[in-house]
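Visitor:
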Amino acid sequence: MFCRGRLSLVFSLIMLIPILSQRPLKIGEPLGESFWNKPLEVVNYSGKTLSLKEDKDKLILLDFWNTWCSGCLLNFPKMETLEKQFKGKLKVLAVSNQDRVTLEKFFSGKNGQRYKGVVSVTGDKILHQLFPHVGVPYIVWIKDGKVINTTDAEQVNENTVGEVLKGEASSLQTVIQIGREKPLMLSENFSLEKGTHLMHYAFFSKGRIRAIAYGSGFHREGRIVYGRQFTNFSLMEIYKGIAYELFQQRKELFSQKRILNEVKNPEAVDFDTKKEDPVTDSKLYNYEYIVPLSRVDSLYGDMLQGLSQFSGYTATIAKRPVQCLVLKRTSTKDKIASKGGAVTDQFLQTPSVLKNATLDYMLSGLNANSEITPLLVIDDTGYKGKVDLKFSNVRDLQVLQKELLQYDLELKEETREVYMLVIEDKVSPLQKR
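At position 411 of the sequence shown (counting the first as 1) the number is 411 in the numbering used here, and the numbers step up by one without a gap.
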């Protein structure tokens, strides 16, 4: 019995070696027998494990996901529908690296109850090694014993599944995910060149990049930021990210109210990026910019100038006369000085409370909410210390103005010359003549 157990253990370990030592698979490469026979730990299934050997003749979609991914959860009903529609021809298997306890807790909870029909691999390491990725959902397409494609979840639909099953030319766009740590689209071979160093890099494209998610990132040397990256943003979102930094350099607060969008077609630069359709995808932008460490102070200024060169629009930070609400003191008596303690920022709550905080918290709250007032709110108090303030309802401007008086403060409407982010259509030299 002992020998048999030892032989069984050795045999099992030998069977695992092809999987554990397997390098990441590329499109077109076959899957070994160990892949099909390997017992996979699963949840939402009649047993604790399953293998894919019974599904070898089907189109298999490995749907990599995690419980915190809202896009993954939105994808589940579609996958279940397709599996029923192509019954006997399609196998969808969700794959998570989260442990069994986490997944079982999720599926038994309020949000997970609706997905009880989703069979998921749990605590996975091997499939993640075979099919590495940086974001989820991520779909691996397997047919005829080999990897035929890797895509995002959006491309999985009745048409694309049907094309693959019929052996027709596929309309799928391959997605091999890329991370943010390296410059976008820079050749992998660059890292092999030991004698050269990247000093400056700029990348600007229009249209969605499927290989990377919506988001932004930084290139840093310690605490020094020498590069910035935006992916799948509207042009306005990129402008905002840059302007926020440039206004900080001026020691001014940036908000939506600091923007003058004066282009003829405002929707071309400012729109809802959450929509997933061809029109929206075609309007998205990707922008990355890297400067030498000697030019880090000019990074964001250079980025804004670069957009003006190549986007078809010009964006500048310039003074413009703007109707504002100006926060002023009505006396020299200090009725707002803080008594100390922990910093509390509950300005937009009811009641509104600021403790041991600067007036910037109040200004930021008012400028972040156009429902309170559409006007830009600026500070003319000159007060630099910490304050304690309490208001019954800051969302009612009249109430707020009345209650400010008890602190010898007021909000007064005035026209002021203030710095604004001004976005305009670019005029070509021929148009200027």
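We put the CB at the ideal spot given by N, CA and C, even for glycine.
(1) Rounded to the nearest angstrom, what separates Ile212 and Met236 at their Cα positions?
(2) Taking the continuous alpha helix (DSSP H) assigned at Thr473, which residues delimit it?
(3) Can you name, in chain order, every residue of its own chain whose Cβ lies under 7 Å from the Cβ of Lys319, other than the five neighbours on each side?
(4) So, are the CB atoms of Ser234 and Phe204 less than 8 Å apart?
(5) Thinking C-alpha only, which one of Asn356, Gln305, Val291, Phe64 is nearest Gln177?
(6) How about Thr151: is its Cβ closer than 7 Å to a heavy atom in the ligand PLP?
(7) Out of curiosity, what's the CA-to-CA distance linking Glu41 and Tyr285?
(8) Does the count of Cβ pairs from the segment 208-222 and the segment 254-261 closer than 8 Å reach three?
(9) What span of residues does the alpha helix (DSSP H) with Thr314 cover, start to end?
(10) Less than 8 Å between the C-beta atoms of Leu103 and Thr151, yes or no?
(11) May I have the straight-line CA-CA distance separating Lys84 from Ala94, to the nearest angstrom?
(12) Under the rule that 16 or more other beta-carbon atoms within 10 Å means buried, what is Ala357, buried or exposed?
(13) Can at least three beta-carbon pairs, one atom from the segment 111-130 and one from the segment 42-50, be found at a separation below 8 Å?
(14) What does the alpha-carbon distance come out to for the pair Gly434 and Glu188?
(15) From which residue to which residue does the alpha helix (DSSP H) around Asp302 run?
(16) Under 8 Å Cβ to Cβ from Thr415, same chain only, skipping five residues before and after it: list those, please.
(17) Give me, in chain order, the residues of the same chain whose beta-carbon lies closer than 8 Å to that of Arg100; leave out the 5 immediate sequence neighbours on both sides.
(18) Run the CB neighbour count on Ala153, radius 10 Å, all protein chains shown included, and call it buried at 16 or more, exposed below.
(19) Along the alpha helix (DSSP H) that carries Tyr45, what are the first and last residues, could you check?
(20) My output table needs one value for Glu262: the three-state DSSP class, helix, strand or coil.
(21) Can you give me the C-alpha to C-alpha distance between Ser392 and Leu409, rounded to a whole angstrom?
(22) Along the chain, where does the alpha helix (DSSP H) containing Lys333 start, and where does it finish?
(23) Just to confirm the assignment: which complete beta strand (DSSP E) runs, minimum length 3, are found wholly within the segment 86-141?
(24) Considering only residues of the same chain and omitting the five flanking positions on each side of Val326, which have a CB-CB separation below 6 Å?
(25) Could you name the residues of the same chain whose beta carbon sits closer than 8 Å to that of Leu375, not counting the 5 residues immediately before and after it, in chain order?
(26) So, helix, strand or coil for Asn66, using DSSP?
(27) Could you tell me which residues DSSP puts in a beta bridge with Gln346?
(28) Is it right to say Arg208 is buried, meaning 16 or more other beta carbons lie within 10 angstroms of its own, or is it exposed?
(29) With H, G and I counted as helix, E and B as strand and the rest as coil, what does DSSP make of Asn157?
(30) Residues in its own chain within less than 7 Å of Trp36 by CB, not counting five upstream and five downstream?
(31) Met303: buried (16+ other C-beta within 10 angstroms of its C-beta) or exposed?
(32) Counting only runs of 3+ residues fully inside the segment 403-427, write out the beta strand (DSSP E) ranges in chain order.
(33) I need the boundaries of the beta strand (DSSP E) containing Ala202, first residue and last residue.
(34) Mapping DSSP to helix, strand and coil, what is Gly227?
(35) Could you tell me the boundaries of the beta strand (DSSP E) in which Asn393 lies?
(36) Out of curiosity, what's the CA-to-CA distance linking Glu158 and Val136?
Guide: Let me lay it out:
(1) 19 Å
(2) Outside the modelled stretch of the chain, which goes from 1 to 433, sits residue 473, for which no answer is possible.
(3) Glu417, Val418, Tyr419
(4) no
(5) Phe64
(6) Within the structure as shown, the ligand PLP is missing, as the structure has no ligands at all.
(7) 41 Å
(8) no
(9) Segment 313-329 is the beta strand (DSSP E) holding Thr314; no alpha helix (DSSP H) there.
(10) no
(11) 15 Å
(12) When all chains shown are included, Ala357 counts as buried.
(13) Because the criterion of three Cβ pairs below 8 Å is met, the segment 111-130 and the segment 42-50 touch.
(14) For residue 434 there is no data in the structure shown, the boundaries of the chain being 1 and 433.
(15) Element bounds for Asp302: 299-310.
(16) Around Thr415: Pro321, Val322, Gln323, Cys324.
(17) Glu41, Val43, Thr122, Gly123
(18) buried
(19) Where Tyr45 is concerned, there is no enclosing alpha helix (DSSP H), given that its DSSP letter is neither H nor E.
(20) coil
(21) 16 Å
(22) Neither: Lys333 is in no alpha helix (DSSP H) and is coded neither H nor E.
(23) Look at the segment 86-141 and you find these whole runs of beta strand (DSSP E), each 3 residues long or longer: 90-95.
(24) Ile378, Asp380, Lys412, Glu414
(25) Lys257, Gln323, Cys324, Leu325, Glu413
(26) Looking at Asn66 - three-state DSSP - the assignment turns out to be coil, as it is neither helix nor strand.
(27) Val353
(28) buried
(29) coil
(30) Ser51, Leu52, Lys53, Lys56
(31) buried
(32) Scanning the segment 403-427 from its first residue to its last, the whole beta strand (DSSP E) runs of 3-plus residues come out as 409-425.
(33) Ala202 -> beta strand (DSSP E) spans 201-206.
(34) strand
(35) Note, Asn393: premise wrong, no beta strand (DSSP E); not H, not E.
(36) 21 Å
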